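Protein chains in written order, with our numbering: chain A, 712 to 1106; chain B, 3 to 388.
All residues carry an ideal CB built from backbone N, CA and C; glycine is no exception.
From a predicted model like this one, the values you see are computed outputs, not experimental measurements.
Notes follow the structure.
Here it is in structure tokens:
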């Protein structure tokens, strides 16, 4: 067996990015994910996104790829009934509507448990299923704002910084861990369960040490690129327009190595780590004077060869072309429906007994897999499916 | 009902955030976590910031406390045969081993993949390194800031108001240990996935790179590259909304759907400029974003955050306060969700610590305790541990 989660089926009602990324990761690990969608309200990737230069539906979408697609109009009672039939043959049901929506659709955890006793249900929402803010609408930048990550990120003398889709996907990856943990419990106890992931709390969990500090009376605040211990530590200009290199001198040995590579004199001001931190702005100036004359890649390579933590500040094309990421399968090639090849991001792990993990198919067409799901899995005949299509239930 | 991972035992040997965070994620789901440390303690114990402590008390690293909360500590000197044998005993009696020893040092400690696999064929062995254990950069060093810049998001921040104010400054990193924690989350997922098939295939080696994990959560930049668009921190700002300064703080405002824009117009008091029929079109709104933002900022700067957020959320406008840590700690939502649990921190006493963003069956998860004292398990006889 080379796909660890082969045999797990997920009925995927998630929308936007956080929930879909969770199920997409699990699909890359071998789970069969059936994406439930409808022409009534097309998923964002099936619509144009002109801000990013996409004037039609996505020909490849990261979080929809690798999934099977069926149409169900959940606004109809018969649609909810069909959804329950799908859940009945699934191990996991995942959703990311606002709390209360699944209940109104007749698809609460209790209702779904009635058709699949050991179901693991995942609910992803902005603030959690309970509490005074549970009805709040939100997207990634709001999660970061509520959770403190946005407030703590930014220049010391500037405003907070909004988190983008990395925030959504962090929620999704946390949710994937929680689903796997619940599946393990099911295996041991025979019991399913309801997993509730709050996106704003995921943001807070990423600054847990700052929250602990605040709870003990400290006052964590924005610090730009500074580190509370290391210096030099930062992002320094490199040769060329908008080119940068990140450098972090982690200990005395790396400091000496940095001096040897850059020619910076290790004078008394910089004798100890505490001294260097106290004089970090002077050090930043010295390091910048060296880096500004060099291509970022060269400077990083020389510093790494001397044992100093450094990396060029990469743009997306540089990442997509990187031999290391390609060798690891972190960046892969996928094929679009018209045969065009493009880079995509793989599942972030390598398994010694799971060499087949990763993306095996692109973005499905709306309802592409209904013959398999409705015909084979649910045993529905053509006449029944036609009637449901006629009634705009399969729609 | 039991915690999801009750009965599972995890051994972690960590000098970095990613591996320790992986163990924490499994621990908070119910696994027993044993933190293996050298005689001088994990270097994470020396990482600032430090929790304010009583006079004369050795301050505790807030980072270590957060990462190791609920774990137990055992000292194994892996430079000595006795220490290596003790670790071997632990590995024989655990399900998952998480290790971030640099590749060059693994063989000497008996921690390389072939040795661990040969001795513990049923073990899920999770390697967590900045660039992974395979590939041309496997031996490269990286701290958090390097990982953010090796995986994309580093170059793409700040955006919005911050880059508008400081367009010529160097990119700014996400606070804390964002990329390393992605490595930890991916490691926890890898560990549980490998464990899922252990009965069928035996143990296996899970190779995690924090760079891969940080890239995975930034996958849309690669997707947009394929769509023909190269993101840049200046251009990728939302055309209007974003970080908005108010009289007493900042809010985040983001309207992506028509009904949300309609709600925003109401929130603003339906001013004449917003009723321009041309603005009913989302593309036109994007085009006139700076003009819209000017109006929004003029309106917001004389109003208080709480008033704007309460009214906005009533109108289903996605809007949120940029909360400080202190505000989060006293938040009613967080209190209701029991996001924080008091745990003992040496030299300080009971301190509220974030537990987990996950509830199971309507109940928050819980921590087994605070950070461990160094070597607190060493007095326990080996046979009890196996």
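My guess is that residue 997/A and residue 177/B are in contact by the Cβ rule of under 8 Å, so how many angstroms apart are they, rounded? One-based indexing of the first chain puts residue 997/A at position 286. One-based indexing of the second chain puts residue 177/B at position 175. Going by Cβ atoms, the distance from residue 997/A to residue 177/B rounds to 26 Å, so no, they are not a contact pair.
Kindly indicate the opening and closing residues of the alpha helix (DSSP H) around residue 1049/A. For the purposes of this step, residue 1049/A is taken as the residue at position 338 of the first chain. First-last for residue 1049/A: undefined, no H or E at that position.
Candidates 194/B, 261/B and 173/B, of which the one nearest residue 236/B by Cα: Mapped onto the second chain, residue 236/B falls at position 234. Out of 194/B, 261/B and 173/B, 173/B has the C-alpha closest to the C-alpha of residue 236/B.
At a CB distance below 9 Å, what residues from the region 766-782 of chain A approach chain B? Give them in sequence order. 769, 770, 771, 772, 773 and 774
Inter-residue CB distance, residue 909/A and residue 359/B (contact presumed, cutoff 8 Å): By 1-based counting over the first chain, the position of residue 909/A is 198. By 1-based counting over the second chain, the position of residue 359/B is 357. Going by Cβ atoms, the distance from residue 909/A to residue 359/B rounds to 5 Å, so yes, they are a contact pair.
When we look at the beta-carbon of residue 350/B and count the other beta-carbons within 10 Å, is it buried (16 or more) or exposed? Taking the second chain and counting its residues from 1, the one referred to as residue 350/B is at position 348. Looking at its Cβ environment, which holds 16 or more other Cβ atoms inside 10 Å, residue 350/B is buried.
Anyone know if the C-beta pair for residue 754/A and residue 726/A falls short of 9 Å? As a first step, residue 754/A is located in the first chain; it is residue number 43 there, counting from the start. As a first step, residue 726/A is located in the first chain; it is residue number 15 there, counting from the start. Taking C-beta atoms as the reference points, residue 754/A and residue 726/A count as a pair closer than 9 Å.
Just how far apart, CA to CA, sit residue 253/B and residue 321/B? Within the second chain, the letter at position 251 stands for residue 253/B. Within the second chain, the letter at position 319 stands for residue 321/B. Rounded to the nearest angstrom, the two C-alpha atoms are 7 Å apart.
Beta strand (DSSP E) segment containing residue 6/B, residue limits: Taking the second chain and counting its residues from 1, the one referred to as residue 6/B is at position 4. From DSSP, residue 6/B is part of no beta strand (DSSP E); its letter is neither H nor E.
Segment contact, 8 Å Cβ cut-off, at least three pairs: the region 335-350 of chain B with the region 29-49 of chain B: no
Can you find a CB in chain B that lies within less than 9 Å of the CB of residue 966/A? Taking the first residue of the first chain as position 1, residue 966/A is located at position 255. No, because no Cβ of chain B sits closer than 9 Å to the Cβ of residue 966/A.
Just the Cα atoms here: how many angstroms apart are residue 68/B and residue 23/B? As a first step, residue 68/B is located in the second chain; it is residue number 66 there, counting from the start. As a first step, residue 23/B is located in the second chain; it is residue number 21 there, counting from the start. When rounded, the distance between both Cα atoms is 9 Å.
Find the residues of chain A that neighbour residue 31/B, judging by a C-beta separation of less than 7 Å, and give them in chain order. By one-based count along the second chain, residue 31/B stands at place 29. What residue 31/B touches in chain A: 892.
State the start and end residues of the unbroken beta strand (DSSP E) segment that holds residue 74/B. Here the question's residue 74/B lines up with position 72 in the second chain. Here the beta strand (DSSP E) through residue 74/B covers 74-77.
Going by CA-CA distance only, name the one from 979/A, 832/A, 1027/A and 788/A that's closest to residue 228/B. Residue mapping note: residue 228/B aligns to position 226 of the second chain, counting from 1. The candidate whose alpha carbon is nearest that of residue 228/B is 1027/A.
For residue 748/A, name the three-state secondary structure that DSSP assigns. On the first chain, position 37 is the one that residue 748/A refers to. It is a strand residue.
Residue 957/A by DSSP, collapsed to three states: which one? One-based indexing of the first chain puts residue 957/A at position 246. In the structure shown, residue 957/A falls within a strand segment according to DSSP collapsed to helix, strand and coil.
Using C-beta distances below 7 Å, list every residue in its chain close to residue 151/B, excluding the 5 sequence neighbours before and after it, in chain order. By one-based count along the second chain, residue 151/B stands at place 149. Counting only residues of its own chain and dropping the five nearest sequence neighbours on each side, residue 151/B has a CB closer than 7 Å to the CB of 157.
Whose C-beta lies closer than 6 Å to the C-beta of residue 855/A among residues of the same chain, with five residues either side of it excluded? Your numbering for residue 855/A matches position 144 in the first chain. Within the same chain, residue 855/A has close Cβ partners 861, 874, 878 and 914.
Strictly by DSSP, which residues pair up with residue 354/B? On the second chain, residue 354/B is found 352 positions in, with the first residue counted as 1. DSSP lists 344/B as partners of residue 354/B.
I want to see whether chain B comes within less than 9 Å of residue 819/A, judged by CB atoms only; does it? Mapped onto the first chain, residue 819/A falls at position 108. No, no contact with chain B.
To which residues does DSSP link residue 36/B through a beta bridge? One-based indexing of the second chain puts residue 36/B at position 34. Partner(s): 13/B and 74/B.
Closer than 9 Å, Cβ to any Cβ of chain B: which residues of the region 907-920 of chain A, in chain order? The residues in question are 907, 908, 909, 910, 911, 912, 913, 914, 915, 916, 917, 918, 919 and 920.
Per-residue contacts from residue 90/B into chain A (C-beta, under 8 Å): Translated into the one-based positions of the second chain, residue 90/B becomes position 88. Ordered by position in chain A, no residue passes the 8 Å Cβ test against residue 90/B, which lies about 20 Å from the chain.
Going along chain B in order, which residues have a C-beta closer than 9 Å to the C-beta of residue 881/A? Within the first chain, numbered from 1, the residue matching residue 881/A stands at position 170. Ordered by position in chain B, the residues that pass the 9 Å Cβ test against residue 881/A are 180, 183, 184, 187 and 219.
Does the CB of residue 363/B have a neighbour CB from chain A at under 9 Å? The count along the second chain starts at 1 and reaches residue 363/B at position 361. Judged by the 9 Å Cβ criterion, residue 363/B is in contact with chain A.
Confirm, please, whether the CB-CB distance from residue 778/A to residue 1075/A is below 9 Å. Residue numbering aside, residue 1075/A sits at position 364 when the first chain is read from its first letter. Residue numbering aside, residue 778/A sits at position 67 when the first chain is read from its first letter. It is a contact, given that the beta carbons lie within the stated cut-off.
Does the beta carbon of residue 476/B come closer than 9 Å to any beta carbon on chain A? Residue 476/B lies beyond the range of chain B shown here (3 to 388); nothing can be said about it.
Cutoff 9 Å: residue 35/B Cβ touching any chain A Cβ: One-based indexing of the second chain puts residue 35/B at position 33. No, residue 35/B does not count as interfacial toward chain A.
If you drop the 5 nearest sequence neighbours on each side, which residues of the same chain put their C-beta closer than 7 Å to that of residue 18/B? In the second chain, residue 18/B corresponds to position 16, counting from 1. Cβ neighbours of residue 18/B beyond the five flanking positions: 102 and 182.
Segment contact flag, the region 957-970 of chain A with the region 86-99 of chain B, C-beta cutoff 8 Å, min 3 pairs: The region 957-970 of chain A is not in contact with the region 86-99 of chain B.
Pick from 167/B, 278/B, 193/B and 233/B that is closest to residue 1061/A, judged by C-alpha positions: Numbered from 1 along the first chain, position 350 holds the residue referred to as residue 1061/A. For residue 1061/A, the nearest C-alpha among the options comes from 193/B.
Comparing the C-beta of residue 1078/A with each C-beta of chain B, is any distance below 9 Å? Counting from one through the first chain, the residue named residue 1078/A turns up at place 367. So no, residue 1078/A is outside the interface.
If we call anything under 9 Å between Cβ atoms a contact, is residue 730/A one with residue 883/A? One-based indexing of the first chain puts residue 730/A at position 19. One-based indexing of the first chain puts residue 883/A at position 172. One thing to note: residue 730/A has its Cβ within 9 Å of the Cβ of residue 883/A.
What is the rounded straight-line gap between the Cα of residue 1088/A and the Cα of residue 796/A? Taking the first residue of the first chain as 1, we reach residue 1088/A at position 377. Taking the first residue of the first chain as 1, we reach residue 796/A at position 85. Rounded to whole angstroms, residue 1088/A to residue 796/A spans 10 Å at the Cα level.
Reducing DSSP to helix, strand and coil, say where residue 179/B ends up. Position 177 of the second chain, counted from the first residue, corresponds to residue 179/B. In the structure shown, residue 179/B sits in coil (DSSP, three-state: anything other than H, G, I, E or B).
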